[in-house]
Amino acid sequence: QKEVEQNSGPLSVPEGAIASLNCTYSDRGSQSFFWYRQYSGKSPELIMFIYSNGDKEDGRFTAQLNKASQYVSLLIRDSQPSDSATYLCAVSSGGSNYKLTFGKGTLLTVNP
Amino acid sequence: DVKVTQSSRYLVKRTGEKVFLECVQDMDHENMFWYRQDPGLGLRLIYFSYDVKMKEKGDIPEGYSVSREKKERFSLILESASTNQTSMYLCASSSGPAAQYFGPGTRLTVT
Numbered sequence: 001q002k003e004v005e006q007n008s009g010p011l012s013v014p015e016g017a018i019a020s021l022n023c024t025y026s027d028r029g030s031q032s033f034f035w036y037r038q039y040s041g042k043s044p045e046l047i048m049f050i051y052s053n054g055d056k057e058d059g060r061f062t063a064q065l066n067k068a069s070q071y072v073s074l075l076i077r078d079s080q081p082s083d084s085a086t087y088l089c090a091v092s093s094g095g096s097n098y099k100l101t102f103g104k105g106t107l108l109t110v111n112p
Numbered sequence: 113d114v115k116v117t118q119s120s121r122y123l124v125k126r127t128g129e130k131v132f133l134e135c136v137q138d139m140d141h142e143n144m145f146w147y148r149q150d151p152g153l154g155l156r157l158i159y160f161s162y163d164v165k166m167k168e169k170g171d172i173p174e175g176y177s178v179s180r181e182k183k184e185r186f187s188l189i190l191e192s193a194s195t196n197q198t199s200m201y202l203c204a205s206s207s208g209p210a211a212q213y214f215g216p217g218t219r220l221t222v223t
């Protein structure tokens with residue numbers, strides 16, 4: 001059974017701080033990694049994807065991937081109250097790689 | 113921008129009714145998915161389709177069926193709705209192994 005694990009939180013950070021969200025996955029054959037943001041009562045929204053080891057930056061967001069450690073993270077710099085949401089990590093499923101396995105999400109709260 | 117639409121945002125049905133949830137995407141994506149999301153259980157895949165008239169069971173297909181007659185449209189059918197099918201239903205689409213894009217969701221209540 002392929003698994004994606006996230007700390008459920010809540011993770012609470014002050015406004016302007018760096019929020020660090022972590023995700024581990026069990027399938028070594030995973031190739032693509034995605035971060036979604038989900039506001040309460042809304043559907044998930046794609047914010048980042050990463051395919052290669054290392055860092056990928058997009059504005060205030062940085063995704064980090066370490067395939068050897070089966071670990072992917074999302075850093076949010078200069079956190080804002082509007083970043084308060086649940087963040088879902090998703091991993092492509094090896095062979096039939098159009099399916100994604102989702103973690104249960106980490107609830108982030110940014111305090112003004 | 114990818115746009116995925118779902119037929120209803122909120123739906124209330126009675127036990128035993130047949131329920132149709134419809135999803136339409138405008139990006140010519142070959143893959144479409146139906147999930148349900150419940151507190152503490154996360155997103156669970158019900159069915160997916162990688163081509164017109166093709167479908168595969170996901171992790172929790174019991175009590176559901178699907179139909180994909182056109183590439184842009186993927187329907188989820190609850191043959192006989194039960195209270196344990198009260199949930200948020202989310203449709204998504206993707207092209208190949210790329211990211212999935214979600215519709216706004218349908219909150220279904222079965223009474």
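Respectively, the protein sequence lines represent chains D and A.
Position 19 of the first sequence, counting from 1, maps to 19 under this note's numbering, and the rest follow consecutively.
Position 52 of the second sequence, counting from 1, maps to 164 under this note's numbering, and the rest follow consecutively.
Idealized CB from N, CA, C, for every residue including glycine.
Just so we're clear, the structure is a prediction, and the values are computed from it rather than from any experiment.
- Taking 8 angstroms as the upper bound for CB-CB distance, VAL131/A and ALA204/A are not in contact here, some 19 angstroms apart.
- Against chain D, the CB of TYR213/A has a partner CB under 8 angstroms away; the residue lies at that interface.
- Interface with chain A (8 angstroms Cβ-Cβ cutoff): TYR25/D is excluded.
- Under the Cβ criterion (8 angstroms, minimum of three pairs), the region 79-99 of chain D counts as touching the region 33-47 of chain D.
- Distances from the CA of ASP113/A to each of GLN212/A, LYS125/A, VAL222/A, THR223/A were compared; the closest alpha carbon is that of GLN212/A.
- Close CB contacts of PRO14/D within its chain, under the 6 angstroms cut and outside five residues either way in sequence, are with ASN111 (chain order).
- At least 8 angstroms separates the CB of TYR176/A from every CB of chain D.
- ALA68/D counts as exposed, since fewer than 16 other beta carbons sit within 10 angstroms of its beta carbon.
- Neighbours of TYR162/A in chain D, taken as residues whose beta carbon is under 7 angstroms from its own, are TYR98 in chain order.
- For PRO10/D, no chain A residue has a C-beta closer than 8 angstroms to its own C-beta; the minimum C-beta separation is roughly 14 angstroms.
- In this structure, THR223/A sits near ARG126/A, with a CB-CB distance shorter than 8 angstroms.
- Sequence-distant partners of LEU155/A (beyond 5 residues in either direction) whose C-beta falls short of 6 angstroms from its own C-beta, in its chain, are TYR147, GLN149.
- Residues of chain A whose Cβ lies closer than 7 angstroms to the Cβ of LEU46/D are, in chain order, ALA211, TYR213.
- Contact with chain D is absent for PRO173/A, since none of that chain's Cβ atoms lies less than 8 angstroms from the residue's Cβ.
- In the three-state DSSP reduction, ASP83/D falls in the helix class (H, G or I).
- If you check the CB distance, GLY16/D and LEU107/D do not come in under 8 angstroms.
- When DSSP reads this structure, ILE189/A sits in a beta bridge with PHE132/A, SER177/A.
- The bridge partners DSSP lists for GLN38/D are THR86/D.
- Neighbours of GLY217/A across chain D, judged by C-beta separation under 8 angstroms: LYS42, SER43.
- Following the DSSP letters along the chain, one finds VAL4/D inside the beta strand (DSSP E) bounded by residues 4-6.
- Residues of chain A with a Cβ closer than 8 angstroms to the Cβ of GLN31/D are, in chain order, PRO209.
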